[in-house]
Amino acid sequence: MFFVRLKETATHLSHQELYELRTRLKLPPFSEDTVLKVVDSHPDMIKRLYEEFQEMHHPRAYAERGHVLKNWEEETSLKRDIQCLDSPDAPPILLKFRLFNKHIVRTNFWKDVKQALAFRMDTSFLPEADYPERPYAILFTVGTNFTGFHARFADVARGGVRVVQSFTTQSYQRNRDTAFDEVYKLASTQNLKNKDIPEGGSKGVILLSKTDSREEANALTKSAFKAYIDSMLDVLLTDPRVVDRLGKEEVCFLGPDEHTGTGGLMDWAAMRAKERNAWFWKAFTTGKLPAMGGIPHDTYGMTTASIETYIHGILEKKNLKEEEVTRQLVGGPDGDLGSNALLKSNTKTTSIVDGSGVLHDPEGLDINELRRLAKRRFEGLQTSAMLYDEKLLSPMGFKVSQDDRDVVLPDGTAVASGFEFRGRFHLDPRGSADLFNPCGGRPASVTPFNVDKMFDEKGKPRFKFIVEGANVFITDEARRMLEERGVILFKDASTNKGGVTSSSHEVLAALAMTDEEFAEHMQVTDPSNPPAFYQTYVRQVMERIRENARLEFNALWEESLRTGKPRCDLTDVLSAKILRLNQDIHKSDSLWQDD
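For the sequence shown, our numbering assigns the number 74 to the initial residue and increments by one for each residue that follows.
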């Protein structure tokens, strides 16, 4: 069925959709074991590759040349000797090492003290067929217990940094294989989303090594994040032990994302940048605590403000009462979007899927109990859907922990693995509702390969409306399939920009004010009495978020009615047009010349 559908629509696939399908279908050309075997079998070649790396990037070699950069030599005896190796695997693998050597523009490899290795990469090595939109810059980091990437699509860009946790060997291998594709797609989506602000889009992903428990993963998250940040600063700031092949100053603006929005991590990163004399320290991270001059997204529900504006827009167009609309929520009371959705919405939540498991009641979950759980997050207490009071469930209601085994549901269904049940509950017919609101979960959870599960046996949509809170939870082609079969869907790049707008204004205040002005007008020393400027600024940012969301919702709704085109496509068209206009303005010499 899928391949018939794919054949019918193949001529209409965009570069992005082809990229997504390729991502789902491709396998790594060489396994990790094969790479290690090649390395072990050719120590002389590895030594020569290291010598080439050293000649290009070692500060001592740079100094001995009179601080003149060594030009890259494509045709060398090393390349010829690699190509002559009598092995089907060794030449292509070892030539990738040369490609790596060639495209590094900064590395902290020779710093005496470092928390992790960092390599700022020129992105011209990325094949256009695989990555149709080329990022402006890539950062690759390797730490004791993590591997990290950061991609940005403009010189001046901002976006969140997330930590990916894995609790089984299978999930770790899957996350490892897709880590770079994840950061690429997230950064690309962020770039489209950032059309309303001056900065381009970026995203960071920190993949932790497999852990046996959530507690271990949370502890490791802090140390990995700090090492990731410190190594990033190594290649952003001038240092005699870092050879600069880029030739220009760079800055990154980071924000909170999965597993980095709590525990003071954003505040720590800003203070660490200050300790290292980074001129941009106040603006380095957003979502900081008010005491640091931040506007925390979760405290004020900035992202939720834009998501709920889209939901209210749909309900107004369909003349529906909020209290009568059922909702399935992916992401629960322990997350920013999930907790704020529970606190700020009056829809009838029937299902919650979060990291702890699945909570479901076809009669509707108790709103007061859900809000109690959500408030625990803001009180600094541990919370999750599994803390829901079972006595409040109806006879057909249930909660299944991700750790459960061999559970029988009220309808008699046997659940062998709570972990597997949680991972696919958004595709389970029991989870049907009026509104599907993914505010968490893994990227590409709904694809052309499983989108049919979003419909019942008669082909009727299990959800009338989908408003995305999480980034790239649904792939582009799956979105189109949903819309073509009657689902009213608004995609992430339109709906969840509230945090983006808030962060941009936080950056603006940090860069525009002196340290003294920032301390007086933006840093909240007394939570019960914030500075007058801060209160006004936060209120105006919230008003801007809601107004932008209303304007874009109406534009997409009306244009879809006029043209018949899917709203998910129109989001991209609108973003592309605004970004192109922005680029044209930047390129205009006449606008920037003094009289």
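Glycine included, every Cβ here is placed at the ideal spot set by N, Cα and C.
Legend entry - Span separating the alpha-carbon of S275 from that of H499: 28 Å
Inset, instruction - Would you mind listing the alpha helix (DSSP H) stretches within the segment 413–474 that are 4+ residues and don't spill past its ends, in chain order? - result: 440–451
Inset, instruction - For Y123, count neighbouring C-beta atoms within 10 Å of its own C-beta (all shown protein chains included) and say buried if the count is 16 or more, exposed if not. - result: exposed
Inset, instruction - Identify the continuous beta strand (DSSP E) that holds R179 and give its terminal residues. - result: 177–180
Inset, instruction - Count the C-beta pairs between the segment 414–425 and the segment 569–584 that are closer than 8 Å, then say yes if the count reaches three, no if not. - result: no
Legend entry - Beta-carbon proximity list for P604, same chain, < 6 Å, skipping 5 on both sides: H594
Inset, instruction - Determine, using beta-carbon pairs with one atom in the segment 203–211 and one in the segment 338–350, whether at least three such pairs fall under 8 Å. - result: Counting C-beta pairs closer than 8 Å gives fewer than three between the segment 203–211 and the segment 338–350, which falls short of the contact rule.
Inset, instruction - Output the boundary residues of the alpha helix (DSSP H) element that contains M118. - result: 116–130
Inset, instruction - Mark R133 as exposed unless 16 or more other C-beta atoms lie within 10 angstroms of its C-beta, in which case mark it buried. - result: exposed
Inset, instruction - Compare the beta carbon distance of A543 and G504 with 8 Å and say whether it is the shorter of the two. - result: no
Inset, instruction - From the DSSP output, in three-state form, read off T399 for me. - result: strand
Inset, instruction - Express the C-alpha separation of G277 and D162 in angstroms, rounding to a whole number. - result: 31 Å
Inset, instruction - Starting from S490, follow its DSSP beta bridges and name the residues at the other end. - result: DSSP lists R478 as the beta-bridge partner residues of S490.
Inset, instruction - Quickly, what does DSSP pair S244 with across the bridge? List them, please. - result: The partner list for S244 (beta bridge, DSSP) is empty, contrary to what the question assumes.
Legend entry - Endpoints, the alpha helix (DSSP H) within which K347 is located: 338–348
Legend entry - Residues near K355 by beta carbon distance below 7 Å, same chain, minus five either side: In the same chain as K355, and ignoring 5 residues on each side of it, the C-beta atoms closer than 7 Å to its own belong to A343, G366, A583, F591, in chain order.
Inset, instruction - Could you please give the first and the last residue of the uninterrupted beta strand (DSSP E) stretch that includes F536? - result: Counting along the chain, F536 sits inside the beta strand (DSSP E) bounded by residues 536–540.
Inset, instruction - With a threshold of 16 other CB atoms inside 10 Å of the CB of N621, please say whether the residue is buried or exposed. - result: buried
Inset, instruction - Please go through the segment 555–585 and give each complete alpha helix (DSSP H) segment of 4 or more residues, from N-terminal end onward. - result: 565–568, 571–585
Inset, instruction - Return the residue from the list L388, R444, L319 that minimises the CA-CA distance to N413. - result: R444
Inset, instruction - For M595, write down the residues that DSSP places opposite it in a beta bridge. - result: For M595, no pairing in a beta bridge is given by DSSP.
Legend entry - For G496, the residue or residues it bridges with in DSSP: Its beta-bridge partners do not exist; DSSP assigns none.
Inset, instruction - Give a yes or no on contact between the segment 232–242 and the segment 291–298, applying the rule of three or more CB pairs nearer than 8 Å. - result: yes
Inset, instruction - Following the continuous beta strand (DSSP E) through S275, name the residue where it begins and the one where it ends. - result: 273–281
Inset, instruction - Spell out a yes or no on whether the segment 367–379 and the segment 478–490 are touching, meaning 3 or more CB-CB pairs, one atom from each, closer than 8 Å. - result: no
Legend entry - Reference D549; option with closest CA among E530, D525, V519, E452: That would be V519, whose Cα lies nearest to the Cα of D549.
Legend entry - Alpha carbon of Q127 to alpha carbon of E148, nearest angstrom: In a straight line, the C-alpha of Q127 is about 18 Å away from that of E148.
Inset, instruction - Determine, using beta carbons only, whether I155 and M129 come nearer to each other than 8 Å. - result: no
Legend entry - Sequence ranges, beta strand (DSSP E) only - wholly within the segment 178–233, length at least 3: Secondary structure in the segment 178–233: the beta strand (DSSP E) runs of 3 residues or longer, each lying completely within the stretch, are 190–194, 210–215, 219–225 in chain order.
Inset, instruction - Look up I547 in the DSSP assignment and give the residues it is bridged to. - result: Residue pairing for I547: DSSP places it in a beta bridge opposite V519.
Inset, instruction - Rank Y245, S239, V315, H223 by C-alpha distance to the C-alpha of V703 and give the top, closest one. - result: Since the first and last residues shown for the chain are 74 and 668, residue 703 lies out of range.
Inset, instruction - Please name the residue in F563, T598, Q596, R623 whose C-alpha comes closest to that of T644. - result: Out of F563, T598, Q596, R623, F563 has the C-alpha closest to the C-alpha of T644.
Legend entry - Continuous alpha helix (DSSP H) stretch holding F626: start and end: 605–636
Inset, instruction - For Q263, collect the residues of the same chain with a Cβ closer than 7 Å to its Cβ; drop the 5 residues on either side in sequence, then sort them by chain order. - result: G232, G274, S275, K276
Legend entry - Pick from H115, T241, R552, G559 that is closest to A566, judged by C-alpha positions: R552
Inset, instruction - Taking 8 Å as the cut-off, decide whether the C-beta atoms of T294 and F626 are in contact. - result: no
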